[in-house]
Amino acid sequence: MRDAGAHLLVDGRFIDETGSTLDVINPSTGALVRSVPLGGLTEVDAAITAARRAFDDGQWSGLAPRHRAEILLRLADLVDAHTADFTHFVETEVGTCRLVAEPGQVRRPMEHYRDMVAKGSAELGYPLPDLPGPPPTAQRVVREPWGVVAAITPWNAPHFLNLWKLAPALVVGNTMVLKPAPEAPSSALLLGELAVEAGVPPGVLNVITGGADVGHVMVSDPRVDMVTFTGSSAVGRVIAQSAATTFKHVLLELGGKSALLALPDADVPSLVTAVMRFVTMAGQGCGLLTRVVVPDALHDKVVAGLVGAAQRVQVGPADDPSATMGPVISAAALDRIGAAVRGAVAAGARIACGGGYPANVPAGGFYFEPTILTEVTNDMPVAREEIFGPVVCVIRYSGDPDEGVRIVNDSPYGLLAAVWTADTELGLRLAAHIRAGQVRVNATASGSEAPFGGYKQSGIGREVGHEGVCEYTTVKYVAWQQ
């Protein structure tokens, strides 16, 4: 039997050997999980060639949308049948604790997937009023696939992001070359294997591994029409520059320093619950609320609530059913997070809890304590840079809502924000002034149709929902005399 999730997919063929291997490390233990083939320039060229041919010959884009949807829904059923495999990959390659991995990282994205397949198989174009004659002229706006899509996904939510990109791209008729992050490749590789089983034609989906050299080819090759990337703003900037040489369409979901603005009448227990969601990914999520902007009158109560909740977090390996927070991704990440906390203290911040390495965790794993920093000002690097670790900054303000909004907006990023207040109408008015792609008033969840993306250095474009599907299409105007 073929080892699930351990083979590249190029032009409908599985590739078991490339001459190099990629070692995948378990963050919970620091031990080797598995080795998979490491793609290089040969594999990426073959993948782009296959995707280009598969698009140009119309074998996929020429299908009726409902037929593409039927194949993609068969793939969805196969993914559901392999829930245990995908959960295992998320636990062992990302370190997401078992409590969260299956419901949050495996089952939840399938809701988005099915919603986007449904939206993408519906008519996305629309008619315009006829032009008067004689003879009259009919007009229509149609949406068509871009062509070949290069998709590069991150390690922190690999299954989630693979599905977010694959579903809308393929359902509207694009072909794709998908490269997962080297730290967590197996979810994408298994997805490729299941796509073949579902009946996705050769060349329509190609899944390869590789490093920066492979990624550079994907974003600069003139045969690629669109690039979709999720990751850091620094890498996104490089990708945008490379893609610009051939004017590719880009969809970039980048960094965040998401803030929760508490008003003086905020409900503290629910606020604490909202912020503490950061432990589900050990702080390694761009939309997690890692800046908490609190009024002086609530400061001590909010800090006490956060500290109490953080001290109750059970840090442990992903396969421990009692663990509520797992490790960070690597030793390098652990060092970076520790340096950020030490830098914050040197700049005047105070560690209210955490700030170090927990005891009673497996040796060799990459664990950091849930950390609450107080006395943080919004000009400190820890408040402005994406730490990507379990570190929350508490920032004081007077309680004036306008001042609070100014602090929230004073950031290079604009991905997500929240407002906590007993006055929902006021919260909604403030939301209109917050420069972020999502603003939640006393809410933590978003529906499967909600578009996701940000302002400023948080990226370009939107994923998920109607807007996310349309990103993978370009607009054509058609007119004809009647």
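For the sequence shown, my numbering gives the first residue as 92, with consecutive numbering after it. Using N, Cα and C, we set each Cβ at its ideal position, and we do this for glycine too.
In the three-state reduction of the DSSP assignment, Y204 falls in the helix class. DSSP assignment within the segment 379 to 447 yields the following whole beta strand (DSSP E) runs of 3 residues or more, N-terminal first: 382 to 386 and 441 to 444. The beta carbons of F457 and A422 sit closer together than 7 Å.
In the three-state DSSP reduction, M471 falls in the coil class, being neither helix nor strand. Contact check for A409 against C561 fails: the beta carbons are separated by 7 Å or more. When beta bridges are read from the DSSP output, Q529 appears opposite L507.
Counting only runs of at least 4 residues, the segment 102 to 157 fully encloses the following alpha helix (DSSP H) elements, listed from N- to C-terminal order: 132 to 147. The beta carbon of N117 is closer than 6 Å to those of V124 and T183 in its chain, skipping five residues each way along the sequence. Shown here, V310 sits in a helix according to DSSP, grouped into three states.
In this structure, the beta-carbon distance from T178 to A192 falls below 7 Å. Within the segment 315 to 356, the runs of alpha helix (DSSP H) at least 4 residues long that lie entirely inside it are, in chain order, 324 to 335.
For R487, there is no enclosing alpha helix (DSSP H); the residue is found in the beta strand (DSSP E) stretching over V482 to Y488.
Per the coordinates, the alpha-carbon of E235 lies some 35 Å from the alpha-carbon of F180.
If the five residues before and after V496 are omitted, its C-beta is found closer than 8 Å to the C-beta atoms of L352, L521, H524 and I525, all from its own chain and listed in chain order. Under DSSP, F543 takes part in a beta bridge, and its partners are E554. Apart from the 5 residues on each side of it in sequence, E284 sits with its Cβ closer than 8 Å to the Cβ of R93, A95, G96, H98, L100 and F105 in its chain, given in chain order. Every unbroken stretch of the alpha helix (DSSP H) spanning 4 or more residues and falling wholly within the segment 173 to 244 is given here in chain order: 174 to 180 and 199 to 211.
Distance between A260 and T266, taken at the CA atoms: about 7 Å.
Note on G559: 16 or more other CB atoms within 10 angstroms of its CB, so buried under the neighbour-count rule. Assigned with DSSP and collapsed to three states, V566 falls in strand. For T266, the uninterrupted beta strand (DSSP E) segment begins and ends at T266 to K270. With distances taken between CA atoms, A172 lies nearest to L282 out of S152, L282, G434 and I428. DSSP places N297 inside the beta strand (DSSP E), whose first and last residues are L296 to V298. Shortest Cα-Cα distance from P453 to any of G407, V467 and I442 involves G407.
Per the Cβ contact rule, the segment 332 to 351 is in contact with the segment 546 to 555 (3 or more Cβ pairs under 8 Å). In the DSSP assignment, Q572 is bridged to T228. By the neighbour-count definition (other C-beta atoms within 10 Å, threshold 16), K567 is an exposed residue.
DSSP links L99 through a beta bridge to I106. Relative to the Cα of D501, the nearest Cα in the group P220, G130, G518 and K348 belongs to K348. As DSSP reads the structure, I463 sits in a beta bridge with C444 and V483. Closest in C-alpha terms to T565, from the list S212, V263 and N451, comes V263.
Around the beta carbon of E274, 16 or more other beta carbons sit within 10 angstroms, so the residue counts as buried. Apart from the 5 residues on each side of it in sequence, R531 sits with its Cβ closer than 6 Å to the Cβ of A509 in its chain, given in chain order. In the same chain as V295, and ignoring 5 residues on each side of it, the C-beta atoms closer than 6 Å to its own belong to A145, W151 and T266, in chain order. Annotated as distal: V499 and C484, with beta-carbon spacing of 7 Å or more. Per the coordinates, the alpha-carbon of P223 lies some 26 Å from the alpha-carbon of E214.
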